[in-house]
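Right, one structure below, let's go through it.
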Amino acid sequence: MGGSLNYKGLILAALAWLLVVLPAYFLSAFFAAQPPNPIQLVLQAWLVISVLGWIVTQGLHLALENWRTPNLKEDWPTWLALALVGRFTWRVIEIGLSFEGLLPLSRLLLPAESLPLFGLASAMGLASLIFLQVYGKKQWPAVFLHVQGWLKSHWQGLLMAALFFVLYFVLANVINRMDFNLNNVFFAADSHQWQLRAAHPHGYTMEMRAVHPLAFFVLRPITFLTAFLLATDTYQAMKFLLGLLGGTQIYLAWILITRLTQRPTYALLIAGLFGISTANLVFSPLMESYMASAFLLVLFYVLLQRGAAVHWLLLNAVAVFGVTISNLVQVMLGFFLADMRIKRAVLFALAVLVISAGLNLAHAAMYPDSALYFVPEKIGGETEHLQLGSTPEEFAARANIVSRDVFLFSAVAPQPFLLTQEKDERGEFPKFNFMLGPNSARLTGLGKVAAPLWTALLLSSVAGFVLSLRQEKLSLNNRYALAFLGCVMFNYIFHMVYGYEPFLYAVDWNYALFFFVALGLQRWAHHWPVTLALVGLLALLSLNNLAFIHFLFSNIAPYILGLVG
618 MGGSLNYKGL
628 ILAALAWLLV
638 VLPAYFLSAF
648 FAAQPPNPIQ
658 LVLQAWLVIS
668 VLGWIVTQGL
678 HLALENWRTP
688 NLKEDWPTWL
698 ALALVGRFTW
708 RVIEIGLSFE
718 GLLPLSRLLL
728 PAESLPLFGL
738 ASAMGLASLI
748 FLQVYGKKQW
758 PAVFLHVQGW
768 LKSHWQGLLM
778 AALFFVLYFV
788 LANVINRMDF
798 NLNNVFFAAD
808 SHQWQLRAAH
818 PHGYTMEMRA
828 VHPLAFFVLR
838 PITFLTAFLL
848 ATDTYQAMKF
858 LLGLLGGTQI
868 YLAWILITRL
878 TQRPTYALLI
888 AGLFGISTAN
898 LVFSPLMESY
908 MASAFLLVLF
918 YVLLQRGAAV
928 HWLLLNAVAV
938 FGVTISNLVQ
948 VMLGFFLADM
958 RIKRAVLFAL
968 AVLVISAGLN
978 LAHAAMYPDS
988 ALYFVPEKIG
998 GETEHLQLGS
1008 TPEEFAARAN
1018 IVSRDVFLFS
1028 AVAPQPFLLT
1038 QEKDERGEFP
1048 KFNFMLGPNS
1058 ARLTGLGKVA
1068 APLWTALLLS
1078 SVAGFVLSLR
1088 QEKLSLNNRY
1098 ALAFLGCVMF
1108 NYIFHMVYGY
1118 EPFLYAVDWN
1128 YALFFFVALG
1138 LQRWAHHWPV
1148 TLALVGLLAL
1158 LSLNNLAFIH
1168 FLFSNIAPYI
1178 LGLVG
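See below:
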C-alpha cells in the first residue's frame, strides 16, 4: 500500500510540474533582468515551480479523489463559465500577438543562453514537488489537509481568478507602455502620469491633486516592494500587480457573493460576468487610481461581511479615502447599513477623516507637490471638472450619457468613438470615448442581443429586491443590496455633474452594480431560466466584448508601431 501511495505521489507531482512549467517560464522571463542574472533566474523559476506546483498537486489529488462522483446536472454551468472565460483569454492573447509589437514578447521569452539555467531550475522544481508529495505529506499532514480543504471549498473561485489574472496581465502588458504616451487615449484616463507616479524612481515629484490625498502612500510602496521581492524593475512589478489585483478582485467577488447567497456556482457566474464586463476589461489592467479604488472597495465589503475587527475596516477605509475621497460615501453606506447604528457610523467616518488628515500632512511633507484635502482652495480646484448644463437639452443629453454608462456600457461594450488628436510634444495619438459632445456610443453586432438580456436581468434584480424588502424587511442581505444600490445611485448623481467622460469612473460603481444584481436575483438563482440567462449573457459578452478589445487593439497598434504620424 505504501508503494502505491508513493507511486501516486510521483504521478501527481509530475503532472503538476507539466502544468506549471510553462507559466513559470513566462513569469521567469518577465521578471528577469536584462540580460538575466543566472542566480536570480534559477531561484525564481525554482520557487515558482515549487510553490505553484505544490498547490496544483493538491488540486489534482482532490480531483482524483472526487473523480468517481461528477454531477454534470449541477456542474455544467461551472465548467461552461470557465471554458468561456478561458476561450476569451486565449482569444485576447491571439489578438495581441496578431499585431507585431503590441504584446511585448521580448519580456516573456528567455534568451537561448538562459534556457539551460531554466532547465536546471525546472529539474530542481520537479525534485521539490516529488519530495513534498512523497515525504512532506508524512511530515506535515495537517498542512496538506488544510490546503486541500481550502482548495475543495474554493476551487471554483480560484480557477476563475487564475483565468482573469492571465487576462488582465496580458492586457496590462499591452495598454501600459513606456514607448508610447497613453494619456487621454482610453476614456480620458491619465494612465501615463499614474504609471510615473507609481513606478518611476522620481515619480513622487509629480503633482497629486487633493482628491487623492494618500495615493502615493498606497501605490508606490506596494509597487517598489513587489519589485524588490521579485528582483525586477518597478514597471514590470506594476504590470504584474495589475494582473494580480484584478484576478484577486474576481476571487473576492466570488467569495462575497458565495457567502451572501450560499450558492458557489451562481456566484461564479456573477463573478465571470463582472470580470468580463467592459469596465473591468478597461480599468483593471490600466494603471490609474481607479484600479486601486475598485479593489479596495470590494475588499472592504468582503471584510465587512466577514465581521472583521473595526481596526481592519478603518485601515481599509482610510486607504479607500486616500485614493479617491468621494469613495468614502460608498464605504459609509455599507458600514452604516451593516448594523444600522448611526452613532457608530458617525464615529467611524470622523476617525477616517481625522486619521487621513494626519496622514495627508505626512504625505504632503514627503511629496511636496501633493495637495491637502482639507484646504478649501485645493479642493475648490476640482470645480474645473464640473459639468453643469445650462439648458434642459444639455441636462437631458448628460442624463442619457450617464445612464448608458452606468447601467449598460459598464457591462456591454458599444463601439467607441475614435478620434485623433495631435500635440507638439507627443505627435498624433488616438482617443477612445463612449461620448462625443451630447452623443453616446452605439451598440453593434452581438451587443444588440446582449443589451436586452442584461437589461432584463437588471430589471429582474430590481423586482427581486423589492419582493425581498416586502417579505423580509431589512434583512442582512437586503441591507447589503440597499448599500450596493446606494453606491450605484450615488455615482449616478455625482457624475451627472462631475467628470467629462463618465465612463472613466466606471469601476467605482461597477462592482456595486453586479453585486446588487446578484442579491436581487438570488431568490431565483436555483431556477434553470436564471442560470441559462446568466450563462447566455456570459457567452454573448465573451463575443461582444472581445470585438471591443479587437477594436481597441487594431486602432492603437499603428500608433505604437510608429505607422502613423
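Residue numbers for the sequence shown follow my numbering, beginning at 618 and rising by one. Heads up, the beta-carbon is just placed ideally off N, CA and C, and yes, glycines get one too.
Pairwise C-alpha distance: residue j and residue i
i: Ala-806; j: Glu-905; result: 7 Å
i: Leu-932; j: Ala-832; result: 14 Å
i: Phe-648; j: Glu-994; result: 44 Å
i: Leu-976; j: Leu-970; result: 10 Å
i: Tyr-1218; j: Val-1114; result: In the structure as shown, the chain starts at 618 and stops at 1182, and residue 1218 therefore has no counterpart that could be examined.
i: Asp-692; j: Pro-655; result: 45 Å
i: Phe-1012; j: Leu-1053; result: 15 Å
i: Gly-620; j: Gly-742; result: In this prediction, Gly-620 has a pLDDT of 44, which is less than 50 and means its spatial position is unreliable; what the coordinates show is noted afterwards. If you take the alpha carbons of Gly-620 and Gly-742, they lie about 23 Å apart.
i: Ala-744; j: Ala-789; result: 33 Å
i: Ser-1077; j: His-980; result: 46 Å
i: Gly-1182; j: Leu-722; result: Only weak support exists for where Gly-1182 lies, its pLDDT of 48 falling under 50; the coordinates are left without a value.
i: Ala-815; j: Met-825; result: 12 Å
i: Phe-1168; j: Ala-955; result: 42 Å
i: Met-618; j: Phe-748; result: With a pLDDT of 40 at Met-618, under the threshold of 50, the modelled position of that residue is not reliable, and no figure is offered here.
i: Val-1066; j: Leu-1060; result: 9 Å
i: Phe-643; j: Leu-726; result: 6 Å
i: Ala-962; j: Met-949; result: 7 Å
i: Pro-1047; j: Val-1134; result: 35 Å
i: Leu-664; j: Phe-735; result: 12 Å
i: Val-915; j: His-928; result: 17 Å
i: Ile-1173; j: Pro-1119; result: 22 Å
i: Arg-1015; j: Tyr-1097; result: 29 Å
i: Pro-1146; j: Ala-1080; result: 16 Å
i: Phe-1101; j: Ser-1020; result: 17 Å
i: Trp-670; j: Lys-1040; result: For clarity, residue 670 is Gly in the given sequence; the question names Trp instead. If you take the alpha carbons of Gly-670 and Lys-1040, they lie about 50 Å apart.
i: Tyr-984; j: Leu-737; result: 45 Å
i: Trp-772; j: Ala-700; result: 15 Å
i: Ser-894; j: Gly-766; result: 31 Å
Presumed contact (8 Å Cβ cut-off) between residue i and residue j, rounded CB distance
i: Gly-713; j: Phe-1170; result: 7 Å
i: Val-1124; j: Ala-936; result: So it is not a contact: roughly 16 Å between Cβ atoms.
i: Val-919; j: Ile-872; result: 6 Å
i: Val-828; j: Glu-999; result: 6 Å
i: Ala-630; j: Ser-645; result: Not confirmed; about 20 Å, so no contact.
i: Asn-1050; j: Phe-1034; result: 5 Å
Same chain, Cβ closer than 7 Å to residue i, neighbours up to 5 away in sequence not counted
i: Ala-1142; result: Thr-878, Arg-880, Tyr-883
i: Leu-813; result: Gly-820, Met-823
i: Ser-731; result: Pro-653, Leu-658
i: Tyr-785; result: Leu-859, Gly-860, Gly-863, Gly-864, Ser-901, Pro-902
i: Asn-1017; result: Ser-1057
i: Val-899; result: Phe-803, Phe-804
i: Ala-968; result: Leu-931
i: Phe-841; result: Thr-851
i: Leu-746; result: Ala-630, Ala-633, Trp-634, Ser-667, Gly-670, Trp-671, Thr-674
Neighbourhood of residue i by C-beta distance below 8 Å, restricted to the same chain and skipping five residues each side
i: Leu-890; result: Ala-1028, Phe-1131, Leu-1151, Leu-1154, Leu-1155, Leu-1158
i: Leu-1063; result: Leu-1157, Leu-1160, Asn-1161, Ala-1164
i: Arg-704; result: Ser-1159
i: Ser-910; result: Val-937, Val-940, Thr-941, Asn-944, Val-1124, Asp-1125
Residue i Cβ short of 8 Å to the ligand FAD heavy atom set
i: Ala-1156; result: The ligand FAD is not part of the structure shown, which contains no ligands of any sort.
Same chain only: Cβ atoms within 6 Å of residue i, ignoring 5 sequence neighbours per side
i: Thr-822; result: none
i: Leu-858; result: Thr-843
i: Ser-739; result: Val-638
i: Leu-875; result: The residue you asked about is not Leu; residue 875 is Thr in the sequence shown. The residues are Pro-881, Ala-884.
i: Phe-761; result: Lys-754
i: Leu-799; result: Ser-808, His-809
i: Ile-628; result: none
i: Leu-622; result: Because the pLDDT at Leu-622 is just 48, under 50, the model does not fix this residue reliably, and the value given afterwards should be weighed accordingly. Excluding sequence neighbours, Leu-622 sits near nothing in its chain.
i: Leu-681; result: none
i: Lys-625; result: none
i: Val-702; result: Leu-780, Gly-889
Neighbour flag for residue i against chain D, beta carbons, 9 Å
i: Glu-717; result: Among the chains in the structure shown there is no chain D, since it carries only a single protein chain.
Along the chain, which unbroken stretches of the beta strand (DSSP E) at least 3 residues long are found entirely within the region 1028–1080?
1034–1040, 1044–1050
Please determine if the region 772–779 and the region 866–873 are in contact, where contact requires at least 3 C-beta pairs separated by less than 8 Å.
yes
Would you mind listing the alpha helix (DSSP H) stretches within the region 805–856 that are 4+ residues and don't spill past its ends, in chain order?
808–816, 832–847
Should the region 1103–1120 be regarded as contacting the region 1072–1079, the criterion being three or more beta carbon pairs within less than 8 Å?
no
Unbroken stretches of the alpha helix (DSSP H), 4 residues or longer, contained in the region 880–921:
881–893, 895–900
Report yes or no: do three or more beta-carbon pairs, one from the region 701–711 and one from the region 793–809, lie closer than 8 Å?
no
Give a yes or no on contact between the region 941–954 and the region 845–860, applying the rule of three or more CB pairs nearer than 8 Å.
no
So, do the region 1074–1090 and the region 1005–1013 have three or more beta carbon pairs nearer to each other than 8 Å?
no
At least three beta-carbon pairs within less than 8 Å, the region 625–636 to the region 673–681
yes
Length at least 3, wholly inside the region 748–794: the beta strand (DSSP E) runs in chain order:
none
Enumerated in chain order, which unbroken segments of the alpha helix (DSSP H) with a length of 4 residues or greater are wholly contained in the region 942–989?
945–956, 959–983
Can you give, in chain order, each stretch of the alpha helix (DSSP H) that sits fully within the region 1107–1175 and has at least 4 residues?
1124–1137
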